[in-house]
Amino acid sequence: MYLELHQLNKRFGEKEVVKDLSLELAQRDLLCILGASGCGKTTTLNLIGGFLAPDSGSILLDGQDVTALPPERRPVATVFQSYGLFPHMTVLQNVAYGLKFQGMDRAAARKKGLYYLELVGLADRAGSRIHALSGGQQQRVALARALAVEPKLCLLDEPFSNLDAALRTKMRHELKRFQEELGITMVFVTHDQEEALILADRIAVMEEGALAQLAPPEELYQNPASPSVARFLGVDELVWREDGTVLKIIKQ
Ligand SMILES: Nc1ncnc2c1ncn2[C@@H]1O[C@H](COP(=O)(O)OP(=O)(O)O)[C@@H](O)[C@H]1O
Ligand SMILES: [Mg+2]
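Structure (structure tokens):
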């Protein structure tokens, strides 16, 4: 498989935060890691991104064992909840930053940065300062910056949780569109069942640091592996696409 986590363990002091976590993800798929607050989602993402080292276990990406590599040497880009943009740079400088870091010359980095800004609908704000943008626009810039480096894997940690409900819904659908059009492999962390059901090709439900179930949304919903997974999914009625992903959630 394209991404493989093998029996990852991570503890902070006495507390086991990630327990024997194994999962696999195919190239161009979007995996949602879904679970209650505090279950270990961010820690898992930090292990994949290299911001934390596991106590044991290994991580393979596209056939390469990346477990011992620092974040900047992993072909991985991360979008954080808090955007993580550089406030002293313009929008375009933010997006082009990683490209210059990769050794691309100024003109080529600028051109590519603009291409990705175009993609997220912000080409006309290329020269703006970050703080002049709304939260939703800043999150689009963060997304453009992550995608511009053409990572093998894009990690997203609850990226839309600071946005209002209407914008959040819009961003989810846009993200799904970019992901499918560009064929990017993504791991998206959320505590929001609706978000996972809308976005994911496969959902990994985490409970207290362990994997409770890994399945496509439809299978998860129709065949929850345990009462606790079923309880956590508590949604009302779903409209499915032909490919098994969720088109719409009807709240009763
Ligand atoms: N650096 C750390 N030191 C100590 N405990 C931590 C640290 N990071 C996270 N934890 C604890 O690990 C557990 C899982 O945290 P986290 O991965 O952030 O969960 P989630 O993202 O699912 O909300 C929580 O109980 C949290 O308090
Ligand atoms: Mg978290």
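With the working numbering as the guide, the letters of the sequence shown map in order to residues 1 to 252.
Ideal placement from N, C-alpha and C gives every residue a C-beta, glycine not left out.
Just so it is clear, the structure is predicted and the values come from calculations on it, not from any experiment.
Three-state class that DSSP yields for residue i in the structure shown
i	result
Ser58	strand
Ala204	strand
His173	helix
Asn162	coil
Lys19	strand
Leu117	helix
Asp243	coil
Leu8	strand
Leu45	helix
Glu24	strand
Val76	strand
Asp124	helix
Leu3	strand
C-alpha gap between residue i and residue j, whole angstroms
i	j	result
Cys39	Arg73	28 Å
Asp20	Leu122	42 Å
Met171	Phe160	7 Å
Arg202	Cys32	6 Å
Ser58	Ile48	10 Å
Val18	Pro70	20 Å
Arg140	Glu207	30 Å
Val189	Glu118	26 Å
Gln252	Glu194	Unreliable placement is indicated for Gln252, whose pLDDT of 47 sits below 50; the coordinate value is still reported in the next sentence. Those two C-alpha atoms are separated by around 14 Å.
Asn46	Ser22	15 Å
Arg110	Glu158	28 Å
Thr129	Leu197	According to the sequence as given, residue 129 is Arg; it is not Thr. Rounded to whole angstroms, Arg129 to Leu197 spans 35 Å at the Cα level.
Cβ-heavy atom distance, residue i to ligand 2, below 8 Å
i	result
Ser37	yes
Thr42	yes
Val17	no
Glu158	yes
Ser187	For the sequence presented, residue 187 should be read as Val rather than Ser. No, Cβ of Val187 sits at least 8 Å from all heavy atoms of ligand 2.
beta-carbon residue i near ligand 1 non-hydrogen atom, thresh 8 Å
i	result
Gly84	no
Gly50	no
Val66	no
Phe12	yes
His191	yes
Met206	yes
Gly127	no
Gly57	no
Cross-strand partners of residue i (DSSP beta bridge)
i	result
Asp29	According to DSSP, Asp29 bridges with nothing at all.
Gln64	Leu61
Leu211	Met206
Thr190	Leu34
Thr90	Arg129
Cys154	Ala77, Met186
Leu143	The partner list for Leu143 (beta bridge, DSSP) is empty, contrary to what the question assumes.
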